[in-house]
Amino acid sequence: MHLTKQEERVYNGEYGWAYQIAMKILVRLGDLFGATQLIPISSAHLSGVSYKILGDAPLEFLEALASTETKVQVASTTNPSSLDPEYLSTKFSEKQRKKQVHVLDLYKRIGATLTLTCTPYYLEEPKQGCHLAWSESSAAIYANSVLGACTNREGGPSALAAALIGKVPNHGLHQPENREPNILVKVEASLQNQMEYGALGSHVGRLLKDKVPLFTGLPTPSKDELKQLGAGLASSGMTCMFHYQKRVHEQKLETITVEAKDVKNEIENLSTISLEAPELVFIGCPHCSLNEIRKVAQLIEGRKVKGETEFWVCTSGHIKQKAKKYVDVIEKAGGHVLSDTCAIVTWIKDLQIYRVATNSAKAAHYTPTLNKAEVTLASIEKCVAVACS
Ligand code: F3S
293 MHLTKQEERV YNGEYGWAYQ IAMKILVRLG DLFGATQLIP ISSAHLSGVS
343 YKILGDAPLE FLEALASTET KVQVASTTNP SSLDPEYLST KFSEKQRKKQ
393 VHVLDLYKRI GATLTLTCTP YYLEEPKQGC HLAWSESSAA IYANSVLGAC
443 TNREGGPSAL AAALIGKVPN HGLHQPENRE PNILVKVEAS LQNQMEYGAL
493 GSHVGRLLKD KVPLFTGLPT PSKDELKQLG AGLASSGMTC MFHYQKRVHE
543 QKLETITVEA KDVKNEIENL STISLEAPEL VFIGCPHCSL NEIRKVAQLI
593 EGRKVKGETE FWVCTSGHIK QKAKKYVDVI EKAGGHVLSD TCAIVTWIKD
643 LQIYRVATNS AKAAHYTPTL NKAEVTLASI EKCVAVACS
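In the working numbering, the protein residues as written are 293 to 681.
Have a look at this one:
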């Protein structure tokens, strides 16, 4: 990799060990993937915020980092934590709460913004064509495919390194030629709802590995449907970009076809139990948009969540504030609108939750592994119906 004089000084430790380590991580990655230079980024999105997922091991490094004067060089948003500020904050042990608060404090000290959401693009949409270092897979694929920004699927350490330097190695999806579709996915199923878009993504993601697909047969998907498609794709495979608008050379591409039965099978395969008596109904993976919260409010208005059922709608603090009147409707019905967290990154087992219903293919994918719970994938309508008496 060719470094500028200034980058070399950072690499040689003139600005302290923390920037030096960050630069070394970026150069190592650049060398591995054949990049020749670093390019500036507009923002970073940092994962590794939930104490449940993080554990104690990386804390020492974050503590050492925060004890220096090291600061992020670009706007740096953060992924969800293990707690929301209201409903869940009293439900876990003092140790869990204190550790999570400590992690947040460390990120704050290095200058990251505690947005605590996996949908940072609802707070501020990155500009088309700008370069990013985003480490939440559902956010990275949305930024590339729907917003036209450029990011690789960063890991927690590489996104943090990029945030501290303000640059990324120029490879992968930062280069226009790697953003072109190289496989055609013909969808011969008429998708009925967001949940089915997520299931389509999950099915196709497994087949694609890291290819860039062009979908045909999706009439006019909404942004919420595209969000589910991307989250599904990224949860079962390594794909970090898709196309859904017609392109000129599509007939020359290798092609796979998806039929209605493939989507149906995927829904069944992701569901480990039938939709009966879940202890938790979870909407909001990835975090809900304003539209999605409005939809849940419309569906639940005038109904009542069963006494023995938890009904969670997860979103960012930013969207929750904007959705005040819908939040009131959902909470009046006995549901909870949680900000800053989600059912995957908090300790649902400690709440004796072993059966979950969700409308998200990504959440269905991770519930059995990260939460050791059973799961059913169902539409928002069915999720609301099963939660209410
Ligand atoms: Fe977000 Fe949690 Fe899903 S962090 S993408 S809601 S697993």
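We put the CB at the ideal spot given by N, CA and C, even for glycine.
From a predicted model like this one, the values you see are computed outputs, not experimental measurements.
Check	Outcome
Cβ-heavy atom distance, S430 to the ligand F3S, below 7 Å	yes
For K614, the nearest candidate out of I592, K344, S631 and L318 (CA to CA)	S631
Candidates W309, R301 and T370, of which the one nearest E361 by Cα	W309
Beta-carbon proximity check, L338 vs A404, cutoff 8 Å	yes
Cβ pair I592, V676 closer than 8 Å	yes
Three-state secondary structure assigned by DSSP to S368	strand
Burial state of Q420 (16 or more Cβ within 10 Å)	exposed
Contact the region 409-423 vs the region 556-570: 3+ CB pairs below 8 Å	no
Sequence-distant residues of its chain with Cβ nearer than 7 Å to K363 (five each side left out)	I402 and G403
Proximity test, K519 beta-carbon vs the ligand F3S heavy atom, cut-off 7 Å	no
DSSP three-state assignment for I475, whether helix, strand or coil	strand
Buried or exposed (CB count within 10 angstroms, at least 16 for buried), K503	buried
Helix, strand or coil at T661 [DSSP, three-state]	helix
Endpoints, the alpha helix (DSSP H) within which C606 is located	Unbroken run through C606 is the beta strand (DSSP E), E602 to T607; no alpha helix (DSSP H).
Spatially closest choice to A665 from Q392, L572, H294 and V479, by CA coordinates	L572
Validate contact between the region 572-585 and the region 599-619 using beta carbons, cut 8 Å, 3 pairs	yes
Beta-carbon contacts of I565 that lie in its chain and below 8 Å, excluding the five residues immediately before and after	R647, E666, V667 and T668
Option in W604, V341 and K641 with minimal Cα separation from G447	V341
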